[in-house]
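A.B. asks:
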Amino acid sequence: MKKLWLLAVTLIMFMLFLQGCKFSLSPEVYVSDLLDLKGGAGNSINIPTTIKLEVISKDSFTENKDRITMILQDYFGKVSKVSYEQDGFNNYYVAQINIPAVKDQKQEKGLGYAIFLIRLVDDKEGIRLILTFNRSVFNSLKDRIFKEFSQTISADDMSLDINLVNDLKNDINLDVQGVYIDKYPCPFRSRYILGRREKVNIIFSDVLRDYLIKSGDAEFAYIVLK
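Taking the numbering used here, the leading residue of the sequence shown gets 1, the next gets one more, and so forth.
1) Fully enclosed by the segment 111-177, which alpha helix (DSSP H) runs are 4 residues long or longer?
2) Where residue 32 and residue 57 are concerned, what is the direct C-alpha to C-alpha distance, given to the nearest angstrom?
3) Of the residues 221, 178, 28, which one's Cα is nearest the Cα of residue 205?
4) Measure the CB-CB distance between residue 79 and residue 73 and report whether it falls below 7 Å.
5) In angstroms with no decimal places, state the Cα-to-Cα distance between residue 10 and residue 210.
6) I need the straight-line Cα distance from residue 61 to residue 55, nearest angstrom please.
7) Does the CB of residue 52 have a neighbour CB from chain C at under 7 Å?
8) Using CA coordinates, which residue listed in 169, 176, 67, 198 is at the minimum distance from residue 82?
9) Could you please give the first and the last residue of the uninterrupted beta strand (DSSP E) stretch that includes residue 51?
10) Residue 61 by DSSP, collapsed to three states: which one?
11) For residue 100, count neighbouring C-beta atoms within 10 Å of its own C-beta (all shown protein chains included) and say buried if the count is 16 or more, exposed if not.
12) Which residues does DSSP list as the beta-bridge partners of residue 83?
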């Protein structure tokens, strides 16, 4: 009986390793920063971002947090505010990183190695916000984590959401499609009024996330300026 119990535990742990761990990214974007970038304040800015990686347990977090941090530093640069978080039965390594936001076609040297970046495409009436995903660099991170922990992340289990903060003195119009706005589904193109000093959570649907993984680019919002 004891052997059967040990075998069952081993199989469960093996299945957990095969499934990979959940991974989420949550940038916080201020509209004023985007307008400054659009207006010529440099070619790129850093966007503060919360990253979460699923771990097996709190003990696993305590034991491995320094190694996880070192790996993430090689791909995202500075990693700060490392903490543990529990959500139901799931355990997470949580930290703060930066991802770049750039003007379209004006990427600074070295940003080609960024796993994620936000591109601003300026037109006469507004700004298109596009998330770019570098799959080859992501796969490098994925392999690195697997070699270190025999468990890894998967793009298919990735969760993406952007917190857009209107820190202007006026309301702005926001066009979205294929996302959730504060958990409200927007499968078709919809206009949302973001009031002054308000924040909205833009959550990628599975379809938009899968499109991002396949194509490398996905527009998640359009800020209407006229």
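Glycine included, each C-beta is placed from N, C-alpha and C at the ideal position.
C.D. replies: By the coordinates alone:
1) 135-149
2) 39 Å
3) 178
4) yes
5) With a pLDDT of only 43 at residue 10, under the threshold of 50, the placement of this residue in the model should not be trusted, and no figure is reported.
6) 6 Å
7) This model lacks chain C altogether, as it is built from one protein chain only.
8) 67
9) 44-55
10) helix
11) buried
12) 94
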